[in-house]
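Quick mapping for you: the protein sequence lines, in order, are chains D and S.
Each step along the first sequence adds one to the number in the working numbering, with nothing skipped, and position 109 is 1440.
Each step along the second sequence adds one to the number in the working numbering, with nothing skipped, and position 23 is 26.
Worksheet: one structure, shown below.
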Amino acid sequence: ETGVTQTPRHLVMGMTNKKSLKCEQHLGHNAMYWYKQSAKKPLELMFVYNFKEQTENNSVPSRFSPECPNSSHLFLHLHTLQPEDSALYLCASSQDAGRGAGNTIYFGEGSWLTVV
Amino acid sequence: AQSVTQLDSQVPVFEEAPVELRCNYSSSVSVYLFWYVQYPNQGLQLLLKYLSGSTLVKGINGFEAEFNKSQTSFHLRKPSVHISDTAEYFCAVSARSGGYNKLIFGAGTRLAVHP
């Protein structure tokens, strides 16, 4: 079992749909992250949660809504997305985002999202 | 503010040849640097990281990187590449804002190893 698991791996949704991406980490970490990876763009940090509290919202549009019910689970709720939101969404975790700047961040395999 | 520049978007190389992937960073504080690799259709995997101490850092799969403070560089090297090294490589620097740490990534370098 991998340390960070993301489901679904692939998702196709219409612009009026509501869907969610799920992430679960089995590493005992306390920080979780959502990153967006688009073609020909650097990885963009979207949200950070530390001990279930949101510590970073990197000016992400409100059509993306994160939820972190506990330190092991992270969701990204999607609503009325645009075609330009099509991308690979990567979930990650680390020991503690508030301490240990050298801590390794562990990534899941990503969820490929296509908005039609 | 911290930032990372990867100087080459693509690097083609023949199998068993040496390779260097270049990374420069900008930081006004103590710096922690990382190299990640992303194989096709997969997430990112840590290759190596520099926190302190020896400026030559050895990682997995035969890769190493050298931290050069005066040149603000952290170039990744491998003396002999394999076809299986074909992947996207990302350099990253740890940044701190609002009391929390996060990774700032470069745009990535696509390494294509040819037979």
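Beta carbons are placed, not taken as given, at the ideal position from N, Cα and C, and that holds for glycine.
Every unbroken beta strand (DSSP E) inside the region 31-103 of chain S [3 residues or more]: 36-41, 47-53, 59-61, 67-71, 76-81, 90-100
Mind listing which residues of the region 49-80 of chain S have their C-beta closer than 7 Å to chain D's C-betas, in chain order? Answer in chain order: Leu49, Lys52, Leu54.
Unbroken beta strand (DSSP E) run spanning Leu1352 of chain D, endpoints: 1349-1356
Tell me Ile107 of chain S's beta-bridge partners as DSSP assigns them. In DSSP, Ile107 of chain S forms a bridge with S:Val96.
Any C-beta of chain D sitting closer than 9 Å to the C-beta of Gln13 of chain S? no
Just to make sure I have the definition right: I need the residues of chain D whose C-beta is within less than 9 Å of the C-beta of Arg25 of chain S. Which are they? At a C-beta separation below 9 Å, Arg25 of chain S has no neighbours in chain D, since its nearest C-beta there lies roughly 16 Å away.
Could you check where the beta strand (DSSP E) with Ser1425 of chain D kicks off and where it finishes? Unbroken beta strand (DSSP E) run through Ser1425 of chain D: 1418-1425.
Residues that Thr1386 of chain D contacts on chain S, provided the C-beta gap is smaller than 7 Å: Gly101, Tyr103
Looking at the structure shown, is Pro1414 of chain D part of a helix, part of a strand, or coil, going by DSSP? helix
Whole-number beta carbon distance between Ile86 of chain S and Pro118 of chain S, since they are thought to touch under 8 Å: Confirmed, about 6 Å.
6 Å CB neighbourhood of Trp1443 of chain D in its chain, flanking five on each side removed: His1341, Leu1419
Neighbouring residues, chain D, relative to Ile93 of chain S (Cβ below 9 Å): Before going on, a small fix: residue 93 of chain S reads as Phe here, not Ile. Per Cβ cutoff of 9 Å: Pro1373, Leu1374.
What span of residues does the beta strand (DSSP E) with Gln1 of chain S cover, start to end? Because chain S is modelled from 4 through 118, residue 1 of chain S falls outside the range shown and cannot be assessed.
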